[in-house]
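Heads up: the sequence shown runs through residues 3 to 221, numbered per the working numbering.
What follows is one structure encoded as structure tokens, with my remarks underneath.
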Amino acid sequence: MKQLKFFLAIIVLMLGLVLTFSPFLKNTILDKKVHSLMEQIDTMDNVALEGNRKKVEAVEEVNELPSELDVLKGLSYKGEPVAFMYIPSTGLKLPIYKTVTKQNLLHGAGEMKEYDKLGKGNYVLAGHRMKKKGLLFHDVVRLNNGDKVYVTDKKKIYEYQVVHKQIINENEITIMEENGKDEITLITCDIPSEPENRVAVSGDLINSFPFNEDFKNIE
């Protein structure tokens, strides 16, 4: 048993060294993992997603990009998504998780407020801006007014239209306040490495309709 543990420790160490010296490999692993989690969501119905929302999950403070060790820990991450999002203009497709934790943000977007509801009030999502184009929230900073953002719990689809984008201080919290309307706010770092500010993209709810798998093919 001791030999097995030692052998596994050596493997983890070697993988850590490989990831340290190969950001490309790190990003590739994350990309494939997120794709796998999206395939998992394809097999879930709205009852399963709603069941995940009822579960209690602790919130963590996340102020930096995931480390190589975080990526290794994420290899066994299963995730309990409550919804997923799709942005046609960038091709972004991500799971949405109930809270902000290291592993949740490593594999999708996290709801910033405890009682967030899709299509109700200011629905706020946070995500990492990775260095690789197309990974997690990297392309959120490229959104322009008029771009569409779709979120769904597989019961209903909520369609938002981007109306504003701004740079905010990392400690700014008023961006999450209610404004008397149904909207979405996407928050990510302004730059991938050592960011001091955040980019906040706001969109107004313009439509909602019953869930249909074909909506992921909207361009």
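Backbone N, C-alpha and C fix where the C-beta goes; we use that ideal spot for every residue, glycine too.
Quick one: grab the DSSP three-state call for residue i.
i    : result
N181 : coil
F211 : strand
K150 : strand
V27  : Position check: residue 27 holds Leu in this sequence, whereas Val was assumed. Three-state DSSP puts L27 in a helix.
L6   : helix
L32  : helix
I13  : helix
Would you kindly work out how many angstroms separate the C-alpha atoms of residue i and residue j, rounded to a whole number?
i    : j    : result
N199 : K156 : 33 Å
G123 : Y99  : 18 Å
I175 : L137 : 25 Å
N171 : N147 : 21 Å
E41  : V153 : 16 Å
H166 : I13  : 47 Å
V49  : D184 : 24 Å
I186 : D72  : 28 Å
D149 : T103 : 28 Å
E82  : A128 : 16 Å
K28  : K95  : 19 Å
K119 : L6   : 47 Å
G2   : Q163 : Because the chain is modelled from 3 through 221, residue 2 falls outside the range shown and cannot be assessed.
L51  : E215 : 15 Å
D192 : N173 : 13 Å
Using the DSSP secondary-structure output, state which residues sit across from residue i in a beta bridge.
i    : result
Q42  : According to DSSP, Q42 bridges with nothing at all.
Q168 : A202
I189 : A128 and A202
K158 : P212
L138 : R131
Using the rule of at least 16 other Cβ atoms within 10 Å of the residue's Cβ for burial, across every protein chain shown, is residue i buried or exposed?
i    : result
F2   : Since the first residue shown for the chain is 3 and the last is 221, residue 2 is missing from the structure and cannot be characterised.
Q105 : buried
A11  : exposed
L77  : exposed
F86  : buried
F9   : exposed
Problem set entry | Inside the stretch 46 to 127 only - beta strand (DSSP E) runs reaching at least 3 residues | 85 to 89, 94 to 99 and 111 to 113
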